[in-house]
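Undergrad: Counting with my numbering, you get residues 141 to 737 for the letters of the sequence shown. Yeah, the Cβ is synthetic: ideal placement off N, Cα and C, and Gly gets one too.
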Amino acid sequence: MVRSRLQVLYDELKASPSDDQTLTLMDTVLATFRSVQGRTEEGSAEIAELSMEYAISDKEAISISALKGLANFVADVDENRKLISENETFLEKIISRAMTAENLTHLTILSILFFNLTNGYDPALQALIRTKKLPELLEMLFLASFADSDFPMCAYLETFQRLVQSDKASVKEYPSNTLLELAKVSNVWRDDTDVLDLAGQLMLAFKSQDDRFDKFLTADKKTAASYGQICFDVIKVTSDSKEEDIINTRKAFATLFANLSVIPEFADSIQFSDNDEVFQLLYRTVTSPDTASSAKGIAYLMVGNFAYTEQQARSLVSAFPDIISHVVQFLRTEKLSEDNLQSLQLVQNLLKNSIVDEFVKRSDGFLEVLERVLTQQFYPLFKSQAVAITGTILGNLGEDDADKINFLICQALAGVYQKEDNFEVKSKIIGAISRVSSVIAQNLPTKGGFADSAAKSIELAFDYSYSTSQKPNDQWDLFNLLKALKTLGVLSGNNAQSQPTILEYIESNSHGERSERIAYLLSTFSNQLTEYQRTLSESADEEERGKGALVKGSVMNLAYLASKVQSNQGEKYSSEIIDACQTAINNSALLATPTEH
């Protein structure tokens, strides 16, 4: 019977008279495993078992040679991976052996072994996790991976990422300095997109699994800036690439960079100034005619997130006053996509931070952009942003603009409202309507199709108020909801075009689950707004007191509605609704009486 070459090697290894002979034979085993990589060969399992013994030898050279052989043995063959990963005693011993290794090559080869062992083979990942020794080992492997070749670093980073994604329960055990050391990657491998890609993917994996990630990043400004530098380097070195995987890499880093920008310590490390390298790159990206639309959208997202406070928003517009014109022109001329709509974040943050007048001055044609967003099939987040932006702009346009706005508000918003299933988008449309001027409001029921949506508007009002009023600090949203319904004419029922009225809606839902929500709106909602009005009216801030007067009007409107219900054959309604009506009426009486101070 002809014996295989591996079987022959096995016999020779078992009979080896010296360490030198053993090392020579192990090198032959390595060469053989390389030649048969990706398939199994007779005798390979036996010699792998023997190699595992040599891998934990205190003889460094023999151990390294055995590890190299095993790394090739498990490459691309699940049967071989199974053999190694099921020997958990070996895994524990090899990790313990590595902890005492003085040779960085030893650790580098071990990193490659783990990479090949876990590549697409989850049982091996789970076996490594069960050793409970991974955090310390990974810290050592990281340091060993700064080698002349980028493969050990890539192997380390990808293996680490697999472990983080697979080991959700114990990810918090990984030492913080292991993660923080990743910042060094940017300096050592700043021109290697493969390494930077994997480093970024690992950071994203940690961020998704561990709520300490932000604290790692913000340990100090230097650390935060280092992580920003990683993102910045990736975006810079891949900016000209048209390869899909590189584009995805850039997108992932840009998203991470944008997420970092809302962390004060990180944001403080980036300045809106002519001499800030990071921001200059972003600014050149959004203003260059040669930049791809998707890259511009991501860059606008990054810039936009830096404007998340009023101080930063004003700093941005002060340093780059034409940024508004650029983003408006960009959205007007580009074919809208999920990528370039990321730029809406900049618009929303500018408007949120009171850069409204400046924006309206420079936003000619922007409402048409919003109409395009609202009437096309995009991710609900973008529609939600577009609606919020629309409401802010509408609230700051004068009566002379009414004709220009009617088309957008009456066609686009009403159209989306009737077709959109997303609850948040629908509720924000109601909020946007509350911002329109009285001239526009008069045309809403007849021109916009909202008369046909009155019943749906009322239903949404109850559902939205029921869920929102149970959250703290959302009373102002509830006030806007009522104001919007009054704008539509469905609250008081005083607009003939707005049938069915809210009274008819209450009557048709006078019992059952919906009647409970109606009662909740009339009583709890009234109570909350009454208390909110008192807080506002006692404020030292004039603007807050002005809000108080508006909220008082909503309380009175609820009481008006309650009185209509009481006088409209009250016996038809559940006792909960009748009691709620009395509560609403009592609250309005309290507010009608001046409070003694």
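For the stretch 470 to 487 and the stretch 442 to 450, state whether three or more C-beta atom pairs, one from each stretch, are separated by less than 8 Å.
TA: At 8 Å Cβ cutoff, the stretches touch.
Undergrad: Out of curiosity, what's the CA-to-CA distance linking THR431 and ALA659?
TA: For this step, residue 431 is matched to residue 291 along the sequence shown. For this step, residue 659 is matched to residue 519 along the sequence shown. So the alpha carbons of these two residues sit roughly 56 Å apart.
Undergrad: Skipping 5 residues on each side, what residues in its chain have a beta carbon closer than 8 Å to that of GLN301?
TA: For the purposes of this step, residue 301 is taken as residue 161 along the sequence shown, with counting starting at 1. These residues qualify, in order along the chain: LEU338, GLN341, LEU342, ALA345.
Undergrad: Mind reading off the beta-carbon distance from PRO292 to ILE234? Whole number of angstroms is fine, and I expect it under 8 Å.
TA: Numbered from its first residue, the sequence shown carries residue 292 at position 152. Numbered from its first residue, the sequence shown carries residue 234 at position 94. That pair is no contact at about 17 Å.
Undergrad: Between which two residues does the alpha helix (DSSP H) holding THR248 run?
TA: Position 108 of the sequence shown holds residue 248. Per DSSP, THR248 belongs to the alpha helix (DSSP H) from 244 to 258.
Undergrad: In the structure shown, what three-state DSSP assignment does PRO263 receive?
TA: Against the sequence shown, residue 263 aligns to sequence position 123. Helix.
Undergrad: What are the start and end residues of the alpha helix (DSSP H) that includes ASP218?
TA: On the sequence shown, residue 218 is found 78 positions in, with the first residue counted as 1. Run containing ASP218: 218 to 225, per the alpha helix (DSSP H) assignment.
Undergrad: Under 7 Å between the Cβ atoms of LEU690 and ALA724?
TA: Position 550 of the sequence shown, counted from the start, is the residue given in the question as residue 690. Position 584 of the sequence shown, counted from the start, is the residue given in the question as residue 724. Not in contact: LEU690 and ALA724 (Cβ atoms no closer than 7 Å).
Undergrad: Taking its Cβ as the centre, do 16 or more other Cβ atoms sit within 10 Å of LEU730, making it buried, or is it exposed?
TA: For this step, residue 730 is matched to residue 590 along the sequence shown. When all chains shown are included, LEU730 counts as exposed.
Undergrad: Considering VAL467, what are the terminal residues of the alpha helix (DSSP H) in which it resides?
TA: In the sequence shown, counting from the first residue as 1, residue 467 sits at position 327. From DSSP, the alpha helix (DSSP H) with VAL467 extends over 463 to 473.
Undergrad: Within a Cβ cutoff of 7 Å, which residues of the same chain sit near ASN256, ignoring the five residues on either side of it in sequence?
TA: Taking the sequence shown and counting its residues from 1, the one referred to as residue 256 is at position 116. Only ALA211, VAL214, ALA215 meet the Cβ criterion.
Undergrad: On the criterion of 16 or more Cβ atoms from any shown chain inside 10 Å, does ASN489 qualify as buried, or is it exposed?
TA: Mapped onto the sequence shown, residue 489 falls at position 349. So ASN489 counts as buried.
Undergrad: Which of the three DSSP states is assigned to PHE346 in this structure?
TA: Mapped onto the sequence shown, residue 346 falls at position 206. In this structure, PHE346 counts as helix in the three-state DSSP scheme.
Undergrad: On a CA-only basis, which of LEU278, GLY505, LEU669 is nearest THR473? Give me that one, please.
TA: Your numbering for residue 473 matches position 333 in the sequence shown. Among LEU278, GLY505, LEU669, the Cα nearest to that of THR473 is on GLY505.
Undergrad: With distances taken Cα to Cα, identify the nearest neighbour of VAL496 among GLY686, ARG654, ILE533.
TA: Numbered from 1 along the sequence shown, position 356 holds the residue referred to as residue 496. VAL496 has its Cα closest to that of ILE533, out of GLY686, ARG654, ILE533.
Undergrad: Give the single residue among THR299, LYS222, THR449 whose Cα lies nearest to the Cα of ASN259.
TA: Numbered from its first residue, the sequence shown carries residue 259 at position 119. Per the Cα distances, THR299.
Undergrad: Given GLU656, which residues of its chain have a CB within under 7 Å of its CB, disregarding the five upstream and five downstream residues?
TA: The residue you call residue 656 lines up with position 516 of the sequence shown. Once the five neighbours on either side are set aside, the close Cβ partners of GLU656 are GLU716.
Undergrad: In whole angstroms, give me the CA-to-CA distance for VAL705 and CYS721.
TA: Stepping through the sequence shown from its first residue, residue 705 is reached at position 565. Stepping through the sequence shown from its first residue, residue 721 is reached at position 581. Computed Cα separation, rounded: 7 Å.
Undergrad: Between ASN243, LYS222, ALA241, which has its C-alpha nearest LEU268's C-alpha?
TA: By 1-based counting over the sequence shown, the position of residue 268 is 128. Taking only the C-alpha atoms, the option nearest LEU268 is LYS222.
Undergrad: What does the Cβ neighbour count give for SER679, buried or exposed, with the cut at 16 atoms within 10 Å?
TA: Walking along the sequence shown from the start, residue 679 turns up at place 539. That one is exposed.
Undergrad: With DSSP run on the structure shown, which of helix, strand or coil describes PHE665?
TA: Locating residue 665 in the sequence shown gives position 525, counting from the first residue. Helix, per DSSP.
Undergrad: DSSP three-state label for SER632, please.
TA: Within the sequence shown, residue 632 is the residue found at index 492, counting from 1. With a pLDDT of 44 at SER632, under the threshold of 50, the modelled position of this residue cannot be trusted; read the value that follows with caution. Correct three-state label for SER632: coil.
Undergrad: Hey, would you say ILE249 sits closer than 7 Å to LYS199, going by beta carbons?
TA: By one-based count along the sequence shown, residue 249 stands at place 109. By one-based count along the sequence shown, residue 199 stands at place 59. Cβ atoms of ILE249 and LYS199: not closer than 7 Å.
Undergrad: How would you label SER648, buried or exposed, when you count the other beta carbons within 10 angstroms and need 16 or more for buried?
TA: For this step, residue 648 is matched to residue 508 along the sequence shown. So SER648 counts as exposed.
Undergrad: On the CB-based measure, 16 or more other CB atoms within 10 Å of its CB, does MET192 come out buried or exposed?
TA: Here residue 192 refers to the residue found at position 52 of the sequence shown. Classification of MET192: buried, given that the 10 Å Cβ count is 16 or more.
Undergrad: Got a sec? Which residues, its chain only, sit under 6 Å from ASP167 by beta carbon, not counting five neighbours each side?
TA: For this step, residue 167 is matched to residue 27 along the sequence shown. Cβ within range, chain order: SER205.
Undergrad: Of the choices ALA439, GLY652, ALA435, SER428, whose alpha-carbon is the least far from that of PHE419?
TA: Looking up residue 419 in the sequence shown gives position 279. Of the candidates ALA439, GLY652, ALA435, SER428, the one whose C-alpha sits nearest the C-alpha of PHE419 is ALA439.
Undergrad: Near SER184, which residues of its chain fall below 8 Å by C-beta distance, leaving aside the five closest residues on each side in sequence?
TA: Locating residue 184 in the sequence shown gives position 44, counting from the first residue. So the qualifying residues of the chain are LEU146, PHE173, VAL176, PHE213, ASN220.
Undergrad: Can you give me the C-alpha to C-alpha distance between ALA526 and LEU510, rounded to a whole angstrom?
TA: For this step, residue 526 is matched to residue 386 along the sequence shown. For this step, residue 510 is matched to residue 370 along the sequence shown. Looking at the two C-alpha atoms, the distance is approximately 6 Å.
Undergrad: With DSSP collapsed to three states, give me the class of GLU653.
TA: Here residue 653 refers to the residue found at position 513 when the sequence shown is read from its first residue. The answer is helix: DSSP assigns GLU653 an H, G or I state.
Undergrad: Whose C-alpha, out of SER650, PRO275, ASN667, ALA528, is nearest the C-alpha of LYS492?
TA: Along the sequence shown, one-based indexing puts residue 492 at 352. The residue with the shortest Cα to Cα distance from LYS492 is ALA528.
Undergrad: Let me check understanding here. Comparing Cα to Cα, which of LEU190, ALA171, ALA702 lies closest to GLU152?
TA: Translated into positions along the sequence shown, residue 152 becomes position 12. Comparing Cα positions, the closest option is LEU190.
Undergrad: Between LEU303 and the rest of its own chain, which residues show a CB-CB distance below 8 Å, the 5 nearest in sequence each way excluded?
TA: Numbered from its first residue, the sequence shown carries residue 303 at position 163. These residues qualify, in order along the chain: THR258, LEU265, LEU268, ILE269, LEU274, LEU278.
Undergrad: Under the rule that 16 or more other beta-carbon atoms within 10 Å means buried, what is THR240, buried or exposed?
TA: In the sequence shown, counting from the first residue as 1, residue 240 sits at position 100. By the neighbour-count rule (16 or more Cβ atoms within 10 Å), THR240 is not buried but exposed.
Undergrad: Hey, would you say MET696 sits closer than 7 Å to SER666, going by beta carbons?
TA: In the sequence shown, the residue the question calls residue 696 occupies position 556. In the sequence shown, the residue the question calls residue 666 occupies position 526. Cβ distance not < 7 Å, so MET696 and SER666 don't count as in contact.
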